[in-house]
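Step one of this worksheet: look at the structure below.
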Amino acid sequence: MVAGLTNGELIVPMTYEETMMSDFFEAWFQKFLLSTLTTPSVIIMDNARFHRMGKLELLCEEFGHKLLPLPPYSPEYNPIEKTWAHIKKHLKKVLPSCNTFLRCFCLVLVSIDYISRIQLGKKLLNIWRVLLG
Numbered sequence: 000m001v002a003g004l005t006n007g008e009l010i011v012p013m014t015y016e017e018t019m020m021s022d023f024f025e026a027w028f029q030k031f032l033l034s035t036l037t038t039p040s041v042i043i044m045d046n047a048r049f050h051r052m053g054k055l056e057l058l059c060e061e062f063g064h065k066l067l068p069l070p071p072y073s074p075e076y077n078p079i080e081k082t083w084a085h086i087k088k089h090l091k092k093v094l095p096s097c098n099t100f101l102r103c104f105c106l107v108l109v110s111i112d113y114i115s116r117i118q119l120g121k122k123l124l125n126i127w128r129v130l131l132g
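First residue of the sequence shown: 0, per numbering that gives the first Met the number 0; consecutive thereafter.
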């Protein structure tokens, strides 16, 4: 799963089944994250291998944002890491009861307790629109 975090809320979450690659991340970053941010923002990002900082920095500038890379090996400075830890902990409890893709998909989204029921509905609708093209 990939997502942004702003004001304590996950935004533009997307799931993928493969190993994260630069091309996929950059497409999500440009098409979903940058186009969702309505005001100039500082985007804090770790130094994952698929974060090609030069390309991401150019995209940020193009959309009027600033990229702030974190120092290497400093997850404690990355706010989204706490969110991922919370989600993973919850999923370890609930995923063994999954018996269909849709149920697993819904459990992943519901485990993100930052999303209210209304926001969850909107996000599900948007995700299905993207999936159905």
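We put the CB at the ideal spot given by N, CA and C, even for glycine.
Fill in: Three-state secondary structure (DSSP) of P12
strand
Item to complete: Measure the C-alpha to C-alpha separation of V11 and I86 and round it to an integer number of angstroms.
Response: 16 angstroms
Worksheet item: By a C-beta neighbour count over all protein chains shown, 10 Å radius and 16 as the cutoff for buried, is L32 buried or exposed?
Response: buried
Discussion item. Within the continuous beta strand (DSSP E) that includes K65, where are the two ends?
Written reply: 65-68
Worksheet entry | N- and C-terminal bounds of the beta strand (DSSP E) containing T4 | The amino acid occupying residue 4 in the given sequence is Leu; Thr does not appear at that position. It spans 1-5 - the beta strand (DSSP E) in which L4 sits, taken as one unbroken run.
Practice prompt. Could you say which of N98, L36, V107 lies nearest to E61 if we only look at CA atoms?
Written response: L36
Worksheet item: Is the CB of F100 under 8 angstroms away from at least one CB in chain C?
Response: Looking for chain C here will not work: only one protein chain is present.
Worksheet item: From V107 to K65, what distance separates their C-alpha atoms?
Response: 30 angstroms
Item to complete: Would you kindly report the start and end of the unbroken beta strand (DSSP E) that includes M44?
Response: 41-44
Discussion item. Only counting the same chain, and skipping five residues up and downstream in sequence, which positions put a Cβ closer than 6 angstroms to that of H50?
Written reply: M44
Worksheet entry | Residue environment, G53, which counts as buried when at least 16 other CB atoms sit within 10 Å | exposed
Item to complete: For T18, name the three-state secondary structure that DSSP assigns.
Response: coil
Discussion item. Taking the straight line between their C-alpha atoms, what separation do you get for S96 and L90?
Written reply: 10 angstroms
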